[in-house]
Amino acid sequence: MIRNKRIAVAFVAVSLGAATAACSSGNKQEAATSGTSAVPATTAARTGTTVATGIEVTDAWARTSPMNAKNGAVYMKLTSAGEDRLVGASVAPTIAAKVELHETVMADMSGSSTTMGMGADTSTTMGMMAENTSSTMGMGSSMNEGEGAGGSTMQMKPVDAIELPAGKTVELKPGGLHVMLIDLTKPLETGSSFELTLRFEKAGTKTVTVTVKEG
Amino acid sequence: MVMFSAACDRGPTRSGRNGRRSLAAIVLVTVFVVSCGGTARQNGSIGGSSTTATEAANRLSGIVRQQPLDVFDVSVTDARTGQTMPVAPPAGELRLVYFGYTSCPDVCPTTLADVRRALRTLPADESGKVSLLFVSVDPERDTAEILDGYVSSFVTPNYLVRLEDPDALAQLESRFGARSELGPRHEDGSYEVAHTALLYAVDPAGKVVVEWPFGTPSDAIASDLKILFSQLT
Ligand SMILES: [Cu+2]
Chain A
1 MIRNKRIAVA
11 FVAVSLGAAT
21 AACSSGNKQE
31 AATSGTSAVP
41 ATTAARTGTT
51 VATGIEVTDA
61 WARTSPMNAK
71 NGAVYMKLTS
81 AGEDRLVGAS
91 VAPTIAAKVE
101 LHETVMADMS
111 GSSTTMGMGA
121 DTSTTMGMMA
131 ENTSSTMGMG
141 SSMNEGEGAG
151 GSTMQMKPVD
161 AIELPAGKTV
171 ELKPGGLHVM
181 LIDLTKPLET
191 GSSFELTLRF
201 EKAGTKTVTV
211 TVKEG
Chain B
216 MVMFSAACDR
226 GPTRSGRNGR
236 RSLAAIVLVT
246 VFVVSCGGTA
256 RQNGSIGGSS
266 TTATEAANRL
276 SGIVRQQPLD
286 VFDVSVTDAR
296 TGQTMPVAPP
306 AGELRLVYFG
316 YTSCPDVCPT
326 TLADVRRALR
336 TLPADESGKV
346 SLLFVSVDPE
356 RDTAEILDGY
366 VSSFVTPNYL
376 VRLEDPDALA
386 QLESRFGARS
396 ELGPRHEDGS
406 YEVAHTALLY
416 AVDPAGKVVV
426 EWPFGTPSDA
436 IASDLKILFS
446 QLT
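Going down the list, the sequences are from chains A and B. Residue numbers for the first sequence follow the working numbering, so the first one is 1 and each next one is one higher. Residue numbers for the second sequence follow the working numbering, so the first one is 216 and each next one is one higher.
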């Protein structure tokens, strides 16, 4: 994010009306800390075959795959009683050929990128926009003066692991972290469900049921 | 207008900016400028007077530029029909424009699903006057057929733009202040595309009247569309 390119604010007429829909996403990693009671920590598994305990997964869902879509994404809320990391995931080959952990990030074309939780240097613009549009990111992309092209774009990147701070709920959600299903074997149909096995660094594996919905 | 013949003679080595440039030989000129000298912009324009425009802008959730982008002179070729068409919609209608790609599992379907939900909440006489122009930022993988199925899963009617010439794509993007860039190839040959994730609304006068950032809730989009319709003359 290049601050001095963002003359954005001056060019942006913002709405008063949308203030009610205030942005609910501050820092992505912390936004969703919820009241779900964390399961007491248990012995950390040393092998990948142990069924994870102390890990809570809720609201696992995938969007109905549009016709001809090659890829899909799974979202969920993850809470680990103890500090842990989600390091991988898998599905049956009848669902998709490959599964990866991904994060959608803002990137400017110079190659640097920041995660969607806004950096401090953009807080003026972002704060203003977020308050009024209730959007979580992306604003200002085309507002940059000078080069006539959006300064920042959105991009997916594979991540090695998703950090799970002890007792905090980490939300995988559109525009942020997701479990990506690559080369869907068949379309994901609304109302159907499938199993996704999550692999944690310490807690072992946990298989969850993912509901397919229109989103 | 030059039609292309070989969409498939691109090697697996193509990646990033340089690769895109090297494709310039395959030319499908679709973005061309019809000079119009800045006249005749008033018909169907939103907010004829600055007061009205300001008032309307103040009520919109999306981003409104003080000087809206003007794409009145921009035409594209619909990949489905081969027909040349203006980006601006007919009188009385609104057109949404989005730059995305079908292999995108997160940002693009989220936005298109938001649009679908927004249009469902509009009365039929308004939702029937909204069309979507989807511009692929990944013409290599997004064939017209793939685009058709994908985009039509979300919003109809739609128009599909597939520009094989990277310069033509960049030129069209620049008219919206957008851009895209192919990411590096993975081992399996796949790649991601970084792209501006704004959804645009264009009025019949060719003004980009509002730009919605990713994550704008569908009800905010719907409410903005209602305001925009109320401003159409
Ligand atoms: Cu992804």
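From the three backbone atoms N, C-alpha and C, an ideal C-beta is built for every residue, glycine too.
A direct Cα-Cα distance of roughly 6 Å separates residue 398 (chain B) from residue 406 (chain B). At a cut-off of 8 Å between beta carbons, residue 394 (chain B) contacts chain A.
C-alpha of residue 391 (chain B) to C-alpha of residue 344 (chain B): approximately 22 Å in a straight line.
Residue selection by CB proximity (closer than 5 Å to any heavy atom of ligand 1) returns A:102, A:156 and A:180 in chain order. A Cβ-Cβ separation of about 16 Å leaves residue 440 (chain B) out of contact with residue 303 (chain B) under the 8 Å criterion. The DSSP-derived three-state label of residue 202 (chain A) is coil. Of the residues A:88, A:74, A:53 and A:98, the one whose Cα lies closest to the Cα of residue 183 (chain A) is A:98. In the DSSP annotation of this structure, the continuous segment of the alpha helix (DSSP H) that includes residue 328 (chain B) starts and ends at 322–336. Counted as a single uninterrupted DSSP element, the beta strand (DSSP E) harbouring residue 158 (chain A) occupies residues 152–158. Residues of chain A whose Cβ lies closer than 9 Å to the Cβ of residue 287 (chain B) do not exist, since the nearest Cβ in that chain is about 17 Å away. Rounded to the nearest whole angstrom, the C-alpha separation of residue 306 (chain B) and residue 444 (chain B) is 11 Å. Bounds of any beta strand (DSSP E) do not take in residue 366 (chain B); it lies within the alpha helix (DSSP H) bounded by 359–367.
Taking 8 Å as the threshold, the shortest C-beta distance from residue 153 (chain A) to chain B falls below it.
Going by DSSP, residue 290 (chain B) is part of the beta strand (DSSP E) stretching over 289–292.
If you draw a straight line from the Cα of residue 427 (chain B) to the Cα of residue 417 (chain B), it comes to about 12 Å. For the stretch 52–75 of chain A, the set of residues with a beta-carbon nearer than 7 Å to any beta-carbon of chain B comprises 63, 66, 67, 68, 69, 70, 71, 72 and 73, in chain order. Contact residues of the stretch 425–438 of chain B toward chain A are 426, 427, 428, 429, 430, 431, 432, 434, 435 and 438 (C-beta to C-beta distance below 9 Å). A Cβ-Cβ distance of about 19 Å is found for the pair residue 415 (chain B) and residue 357 (chain B), leaving them out of contact under the 8 Å criterion.
In this structure, residue 156 (chain A) lies near residue 321 (chain B), with their beta-carbon atoms less than 8 Å apart. In the three-state reduction of the DSSP assignment, residue 55 (chain A) falls in the strand class, which pools E and B. Separation of the CB atoms of residue 159 (chain A) and residue 74 (chain A) is rounded to 14 Å, and the pair is thereby denied contact status at 8 Å. At a cut-off of 8 Å, the C-beta of residue 411 (chain B) has a neighbouring C-beta in chain A. For residue 79 (chain A), the closest alpha carbon among the candidates A:185, A:168, A:106 and A:95 is that of A:168.
With contacts defined by Cβ atoms closer than 8 Å, residue 188 (chain A) and residue 65 (chain A) form a contacting pair. In this structure, the beta-carbon distance from residue 288 (chain B) to residue 374 (chain B) does not fall below 8 Å. Taking a C-beta cut-off of 7 Å against chain B, the contacting residues of the stretch 79–107 of chain A are 104 and 107, listed in chain order. The beta carbon of residue 208 (chain A) sits closer than 6 Å to the beta carbons of 57, 60 and 196 from its chain, once the five residues preceding and following it are set aside; these are given in chain order. Chain B has a Cβ within less than 8 Å of the Cβ of residue 175 (chain A). Secondary structure note for residue 443 (chain B): its alpha helix (DSSP H) is the uninterrupted segment 433–446. Taking the C-beta atoms as reference points, residue 177 (chain A) is found nearer than 8 Å to residue 103 (chain A).
Listed as beta-bridge partners of residue 63 (chain A) by DSSP are A:213.
Residue 185 (chain A) places its beta carbon 8 Å or farther from that of residue 62 (chain A). In the displayed model, residue 85 (chain A) falls within a strand according to three-state DSSP. Here residue 436 (chain B) has 329, 330, 333 and 427 as same chain residues with Cβ atoms under 7 Å from its own Cβ, once five neighbours each way along the sequence are excluded. Counting only the Cα atoms, residue 86 (chain A) lies some 7 Å from residue 163 (chain A).
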